[in-house]
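Engineer: For the sequence shown, position 219 matches number 322 in my numbering, and the numbering has no gaps at all. Below is one structure. I have some questions about it.
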Amino acid sequence: MSRKRPASTELEELAPLDLEDSLSPPPPASSKFLQALSGYAYKAPGPGTRTRSKRVKLEETDETLPISLLADKPKLGPVKPAPPKRKATKQAGTASPRKPKPIQKELDVPHAAPPHWRETYDLIKEMREKISAPVDTMGCASAMKDEVDERSRRFGTLIALMLSSQTKDEVTTDAMKKLRAEIGELTVENVLNTDDAVIQDCICKVGFWRRKTGYIRQTAQKLKDEFDSDVPQTVDELCSLPGVGPKMAYLTLQVAWNLNLGIGVDVHVHRITNRLGWHKPPTTTPEQTRLNLQSWLPKELHREINPLLVGFGQVICQPVGPKCDSCVLSSRGLCPSAVKVKAKARAKGTPTKASTLKRSLTEVMKEEGEMLEQIDPEDGLDTPADVKDPPDLVGPAIKLEPPS
């Protein structure tokens with residue numbers, strides 16, 4: 104009969120280990136492990152030797168940091184290299200806008216005066232005295248002649264010149280009348296206080312009226328901010344205004360300030376002086392024409408040559424179908440571009456058997472120099488109200504014959 108074990112003995116076997124048992128040394132390790140640890144055993148330094156204590160710098164990894172610090176540790180992404188530092192040339196906010204390039208005032212080498220230019224010039228003056236051209240009654244000099252306030256007269260003259268580009272004088276005059284009737288006195292403040300829709304309704308018949316509406320408003324704002332709401336008195340300052348070029352600048356100075364500082368070269372002056380052969384080689388832009396003329400034409404003629412040739416070009420020396428048979432220069436052999444036209448052909452508008460001069464609208468506009476370089480064709484701007492493109496824009500046929 105088996106003997107039962109006491110209950111106390113069973114309980115002792117099932118009881119957990121005592122704390123002292125848990126602190127008892129572990130079983131002896133193997134000999135290989137002991138040999139590896141012997142290399143790290145402390146060795147007392149010998150006599151006369153000094154040793155330097157070595158401190159091991161432990162890296163703080165996530166395993167060594169306390170849990171409380173792990174919660175506050177930010178999660179860092181991949182480290183990006185810092186961009187190279189640039190040397191500051193100007194303080195922030197002090198950068199000035201790009202200044203416009205100064206207008207060239209004269210040629211480095213003057214152009215030679217063309218032969219017989221004085222005789223030609225005087226004959227044109229004689230012909231102009233016998234004809235009445237639109238520029239005589241509707242040019243920029245007449246736009247504000249009845250204005251009493253000098254500042255308003257100067258500002259109105261500038262606005263009239265801005266509207267006149269790529270526009271007939273009759274259309275410009277009508278637009279100016281509507282503008283003055285709608286907003287009252289033509290001042291910078293009145294323009295700024297007028298809605299664009301009102302201005303557009305007044306000038307909607309001039310060429311590129313949408314773009315010019317913006318130019319007028321921007322110009323008025325700049326005059327208020329930088330020129331005490333008045334028209335500036337230098338070419339460079341005028342050309343800094345939106346939509347204003349050298350031609351407008353010189354004409355504005357002549358009419359608004361009575362300053363004769365240069366020649367206002369428009370499409371007629373550019374075309375006619377080239378037809379007369381006054382430029383060698385022929386000029387391709389109004390600016391080249393201006394610099395050439397200013398280099399040899401007497402200064403007392405700089406102001407009058409513009410209305411003189413503009414009226415001559417409007418009535419006689421037109422861009423298409425010039426009336427060479429009515430021009431004294433043609434009969435006297437002073438115009439190398441003169442052509443003879445049969446009177447019957449001109450009256451009927453039928454071509455002659457001789458070769459004819461045909462030019463498209465674009466070619467005529469390029470010759471006149473009135474293609475607005477600042478305008479992008481994709482801007483959706485309107486075609487000038489006074490310029491049409493009919494199927495055959497050639498005018499009466501012109502028989503090309505050498506001058507007699």
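For every residue, glycine included, the Cβ atom is placed at its ideal position computed from N, Cα and C.
For V309, collect the residues of the same chain with a Cβ closer than 6 Å to its Cβ; drop the 5 residues on either side in sequence, then sort them by chain order.
Structural biologist: The count along the sequence shown starts at 1 and reaches residue 309 at position 206. For V309, where only same-chain residues beyond five positions count, the Cβ hits under 6 Å are L266, T270, V274 and A278.
Engineer: If you draw a straight line from the alpha carbon of E209 to that of R254, how long is it in whole angstroms?
Structural biologist: Looking up residue 209 in the sequence shown gives position 106. Looking up residue 254 in the sequence shown gives position 151. Going from the Cα of E209 to the Cα of R254 covers about 30 Å.
Engineer: Using a 10 Å radius around the Cβ and a threshold of 16 neighbouring Cβ atoms, would you call R221 buried or exposed?
Structural biologist: Start at 1 with the first residue of the sequence shown, and residue 221 comes out as number 118. Under this definition R221 is an exposed residue.
Engineer: Are A359 and V334 touching if we call contact CB-CB under 7 Å?
Structural biologist: Counting from one through the sequence shown, the residue named residue 359 turns up at place 256. Counting from one through the sequence shown, the residue named residue 334 turns up at place 231. For A359 and V334, yes; Cβs fall inside 7 Å.
Engineer: Taking a contact to mean a Cβ-Cβ separation below 7 Å, would you say S332 touches L326 in this structure?
Structural biologist: Locating residue 332 in the sequence shown gives position 229, counting from the first residue. Locating residue 326 in the sequence shown gives position 223, counting from the first residue. Cβ distance < 7 Å, so S332 and L326 count as in contact.
Engineer: Nearest to D298 by CA position, among E288, F311, P385 and G317, is which residue?
Structural biologist: Along the sequence shown, read from residue 1 onward, the residue named residue 298 stands at position 195. Comparing Cα-Cα distances from D298 to each of E288, F311, P385 and G317, the minimum goes to G317.
Engineer: Give a yes or no on whether the C-beta atoms belonging to R313 and Q357 are separated by under 7 Å.
Structural biologist: Taking the sequence shown and counting its residues from 1, one reaches residue 313 at position 210. Taking the sequence shown and counting its residues from 1, one reaches residue 357 at position 254. In this structure, Q357 does not lie closer than 7 Å to R313 by Cβ.
Engineer: Mapping the DSSP letters down to three states, classify P410 as helix, strand or coil.
Structural biologist: As a position in the sequence shown, residue 410 is number 307, starting the count at 1. If DSSP states are grouped into helix, strand and coil, P410 belongs with the helices.
Engineer: Please return the same chain residues whose Cβ sits closer than 7 Å to the Cβ of A244, not counting the five positions on each side in sequence.
Structural biologist: Counting from one through the sequence shown, the residue named residue 244 turns up at place 141. These residues qualify, in order along the chain: V358.
Engineer: Taking only the alpha-carbon atoms, compute the straight-line gap between P410 and V372 and give it to the nearest angstrom.
Structural biologist: To locate residue 410, count along the sequence shown from 1; it is residue 307. To locate residue 372, count along the sequence shown from 1; it is residue 269. Cα-Cα distance, rounded: 9 Å.
Engineer: Looking only at its own chain, which residues have a Cβ that is under 8 Å from the Cβ of A263, when we skip the five neighbours before and after it?
Structural biologist: Here residue 263 refers to the residue found at position 160 of the sequence shown. The residues are C243, A246, M247, T275 and M279.
Engineer: Below 8 Å on the Cβ atoms is my contact criterion, and I expect T376 with T387 to pass it. Report the Cβ-Cβ distance as a whole number of Å.
Structural biologist: Your numbering for residue 376 matches position 273 in the sequence shown. Your numbering for residue 387 matches position 284 in the sequence shown. Actually they are not in contact, since the Cβ atoms of T376 and T387 sit about 13 Å apart, beyond 8 Å.
Engineer: Reducing DSSP to helix, strand and coil, say where P349 ends up.
Structural biologist: Counting from one through the sequence shown, the residue named residue 349 turns up at place 246. The answer is helix: DSSP assigns P349 an H, G or I state.
Engineer: Identify whether A441 lies in helix, strand or coil by the three-state DSSP scheme.
Structural biologist: Position 338 of the sequence shown holds residue 441. It is coil, neither helix nor strand.
Engineer: Return the chain-ordered list of same chain residues with a C-beta closer than 7 Å to the C-beta of Q304, the five sequence neighbours on each side being excluded.
Structural biologist: Walking along the sequence shown from the start, residue 304 turns up at place 201. Note that residue 304 is Asp in the sequence shown here, rather than Gln. If we look at D304 and ignore the five residues flanking it on each side, it has no Cβ neighbours.
Engineer: Might you give, ordered along the chain, the residues of its own chain that have their beta carbon closer than 8 Å to the beta carbon of I419, omitting 5 neighbours on each side?
Structural biologist: In the sequence shown, counting from the first residue as 1, residue 419 sits at position 316. Excluding sequence neighbours, I419 sits near M230, I234, P425, K426, S429 and C430.
Engineer: Quick check: the Cα distance between I302 and R256, rounded to an integer number of angstroms?
Structural biologist: By one-based count along the sequence shown, residue 302 stands at place 199. By one-based count along the sequence shown, residue 256 stands at place 153. Answer to the nearest angstrom: the Cα atoms are 18 Å apart.
Engineer: Between which two residues does the alpha helix (DSSP H) harbouring R328 extend?
Structural biologist: Position 225 of the sequence shown holds residue 328. Checking the sequence, you will find Asp at residue 328 rather than Arg. Element bounds for D328: W312 to E329.
Engineer: Kindly indicate which residue of G367, W399 and M241 has the alpha-carbon position closest to the one of A215.
Structural biologist: Within the sequence shown, the letter at position 112 stands for residue 215. Among G367, W399 and M241, the Cα nearest to that of A215 belongs to W399.
Engineer: So the candidates are I366, E403, N293 and V442; which of them puts its Cα closest to the Cα of R378?
Structural biologist: Position 275 of the sequence shown, counting from 1, holds the residue named residue 378. Out of I366, E403, N293 and V442, V442 has the C-alpha closest to the C-alpha of R378.
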